[in-house]
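Input: a single structure, listed below in structure tokens.
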Amino acid sequence: MPSKSKGAPKAKEQANTGSNPSSANPSNINPKTINERSAYRYEVGNPLASKKSEVGGVQGLSPTERATWTNLTYVRKAQDQKRLPLPNKANKDLWKSINESGVPLRGLDELEGLKFPGNKIYDWGRDRAGRDIGEYTPEQFKKRRGKRLRVTQLEVLGRQFQALRRKVGGLATLEDEEIDKERIRREELAKLRMELYGEKTGTYAQDPEWDDIEPVAQVEGEGALASIAYSDDYAEAMSYLRAVMAKKEHSPRCLRLTENIILMNPAHYTVWLYRFSIISSLNISIKNEIEWLNKVSLAHLKNYQIWHHRQLLLDHFYPLFDPVDGQPATADNSEEVKEFALSEMGFLKKMLDEDAKNYHVWSYRQYLVRKLGLWNLSEEIGYVETLILEDVRNNSAWSHRFFIVFSNPAHASSNPEIPATKFDPKVPADVTEREVGYAKRKIEEAPQNQSPWNYLKGVLARGGKKVEEMEEFCLQFVNKLGEAEEEVTSSHALDMLAEAWAEKGEKEKADLALRRLAEKWDRIREGKEKGGHAALIAPAHSYSSATSRSFHPPRPQKNLHSFGARREGRNRSKTDGYPPRAGDESASKARKPGAEHEGAQGE
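Counting from 1, one number per residue, gives the positions in the sequence shown under UniProt numbering.
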């Protein structure tokens with residue numbers, strides 16, 4: 001047993017001896033940083049270390065100092081070994097000498113030359129921002145240490161939760177309160193790890209609901225030139241998606257997972273298909289899905305996967321509408337269908353208010369009309385007229401009007417052998433006359449607008465009327481053709497006149513019209529005009545096919561995600577005389593007659 005301490009020598013005694021090593025004051029008794037505090041504690045616990053270094057080692061110390069250093073080193077090492085192998089008298093003398101020196105028994109290990117950069121006593125490492133933790137103030141360090149202790153506590157509680165979960169047989173058997181507590185703990189743990197170490201814990205890794213899923217990470221192909229830079233949240237969500245898709249799981253949590261991924265990447269086609277398979281498997285209400293889909297649609301106006309998903313929903317749920325007298329339910333015979341149709345049309349109006357020429361919206365609208373039998377819905381034709389009134393160059397609205405009028409089973413042939421560009425004997429004469437009159441009125445509003453001219457050609461073809469019947473109407477836009485005072489206010493009228501005169505066999509007039517188009521009024525299509533001019537040499541019956549810009553109304557889109565269907569409207573020449581198609585606005589801004597360069601715009 002060490003002898004009882006008689007206390008450190010009094011100050012007077014220390015002054016007299018001048019050899020007590022404890023008389024040396026540490027260099028900094030008010031440390032401002034952790035490194036300074038470490039140095040202070042090192043100096044307090046090893047008062048002879050600095051002097052020993054200054055005098056070149058133990059041999060340079062005074063006898064008293066050397067004895068103190070030897071005794072202290074021996075005691076500390078003996079304490080580490082849990083034994084003190086000295087006789088009683090020697091043990092007593094040892095402790096007496098140490099007590100009289102006033103040196104603390106405990107202290108940081110004496111260093112044989114400082115080991116760390118910057119002559120630091122200890123390397124505390126760096127925080128997530130790269131800052132040396134040793135440069136923290138004591139208050140900052142205390143706060144950081146409290147966070148690290150909290151991380152340890154939360155990890156222990158998390159292991160206890162996992163043990164309880166295994167014991168009771170799964171998450172479903174646990175109380176909701178326990179699950180919510182664990183979810184809160186994981187959120188706190190993720191936040192602390194980010195603050196302390198910069199480690200991001202994904203949303204799904206924090207959720208106990210996903211503990212049973214082992215995420216499947218993206219595997220880049222061997223020799224890949226570059227990896228896609230996914231965000232952390234997206235990469236984590238996709239890793240869980242791959243896992244549940246591999247298991248073919250259809251559950252509410254998977255539905256929420258697809259929703260999260262779609263919000264991050266609405267163009268992910270596979271996710272949309274998987275979402276639909278979940279909805280159809282769980283038989284989720286179409287109303288709830290449509291409400292969610294409407295919000296996504298308004299946020300992503302040009303996304304076409306949204307509209308394919310919408311079409312799949314309607315195809316899946318349409319058979320659930322109650323049949324009427326053994327016939328499929330339509331807006332004409334079912335209030336339930338009509339209510340749904342009006343709801344859909346109301347939303348489509350919102351979409352078209354944002355972009356009146358959105359190809360995907362118009363394609364879906366045509367699909368909806370066919371599917372639900374909305375041909376006779378007064379709101380439909382009225383809405384199209386409103387859009388044309390607002391913008392007479394809206395090709396999409398013109399296209400939809402042609403579809404509504406001339407694809408209506410009530411006065412259109414169902415014979416697939418009759419193309420939409422050919423005469424249909426089932427079309428009533430009064431319908432043809434009505435649409436001819438409508439087109440004429442819109443032409444008079446903007447004579448150089450190509451949309452109503454193309455529409456007029458389509459109406460004439462569908463109603464079996466000859467183009468020559470429009471000669472008088474077209475002449476009001478063409479004056480003194482071929483003369484010095486020649487005036488043409490619509491190149492489209494001159495184009496139709498060429499076709500009308502060709503039908504009548506007046507080749508010279510047709511030739512003149514085509515030459516004037518090529519030379520002055522429509523130089524952009526000079527090649528086509530010359531082709532029509534060459535056809536004048538051929539028999540009259542072939543002339544029409546050479547000069548006519550045939551009307552090609554939009555074909556119904558059976559598959560909204562068809563690449564070919566989407567390309568069809570894009571690749572047409574701006575002036576090739578094709579009719580307005582849903583979403584194809586290339587002809588809406590027609591050129592002024594006589595424009596000298598490509599791109600000169602009309603009215």
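By construction, the Cβ of each residue, glycine as well, lies at the ideal position given by its N, Cα and C atoms.
Around the C-beta of residue i, are 16 or more other C-beta atoms found within 10 angstroms, so that it is buried, or is it exposed?
i	result
G223	exposed
S490	buried
Q206	buried
G198	exposed
K89	exposed
V168	exposed
G373	buried
H309	buried
G45	buried
N358	buried
M194	exposed
E433	exposed
G463	buried
Q311	buried
V459	buried
V219	exposed
Measuring only the C-alpha atoms, how far is residue i from residue j?
i	j	result
residue 609	K349	Since the first and last residues shown for the chain are 1 and 603, residue 609 lies out of range.
L263	E139	43 Å
H400	W362	8 Å
A420	S413	10 Å
L149	A190	14 Å
N260	D332	39 Å
V324	L342	19 Å
residue 661	L255	Residue 661 is absent from the structure shown; the chain starts at 1 and stops at 603.
M238	L257	9 Å
S396	P215	46 Å
K181	T152	17 Å
A299	A267	12 Å
K507	E390	40 Å
D576	L320	Bear in mind that the predicted position of D576 carries a pLDDT of just 36, short of 50, making it unreliable; the figure below should be weighed with that in mind. If I take the Cα positions, the gap works out to 45 Å.
G134	I34	5 Å
I284	R185	32 Å
K338	N394	27 Å
Helix, strand or coil for residue i, going by three-state DSSP, please let me know.
i	result
R126	strand
N333	coil
N479	strand
Q327	strand
residue 604	One cannot answer for residue 604 here, as it falls past the ends of the chain, which runs 1 to 603.
D495	helix
E487	strand
D322	coil
D132	strand
N46	coil
T33	coil
N394	coil
I284	coil
F473	helix
W375	coil
S277	helix
I213	coil
H250	coil
L61	coil
residue 624	This structure gives no information on residue 624, because the portion of the chain shown stretches from 1 to 603.
P104	coil
Terminal residues of the continuous alpha helix (DSSP H) containing residue i?
i	result
R165	P138 to V168
L456	Q450 to G463
Y304	Unbroken run through Y304: none, as it is neither H nor E.
I418	Premise fails: I418 is in no alpha helix (DSSP H) and is neither H nor E.
H360	Y359 to L372
L189	D176 to Y197
Q206	T203 to Q206
G437	A429 to E445
D511	K507 to R516
E220	Note, E220: premise wrong, no alpha helix (DSSP H); not H, not E.
S97	N88 to S101
How about residue i and residue j: do their beta carbons lie closer than 7 Å?
i	j	result
V392	E445	yes
P447	F477	yes
E503	K466	yes
E209	R253	yes
I278	H250	yes
I213	A243	yes
The ligand SAH heavy atoms versus the CB of residue i: any closer than 6 Å?
i	result
Y367	In terms of ligand content, the structure shown is empty, and the ligand SAH therefore cannot be addressed.
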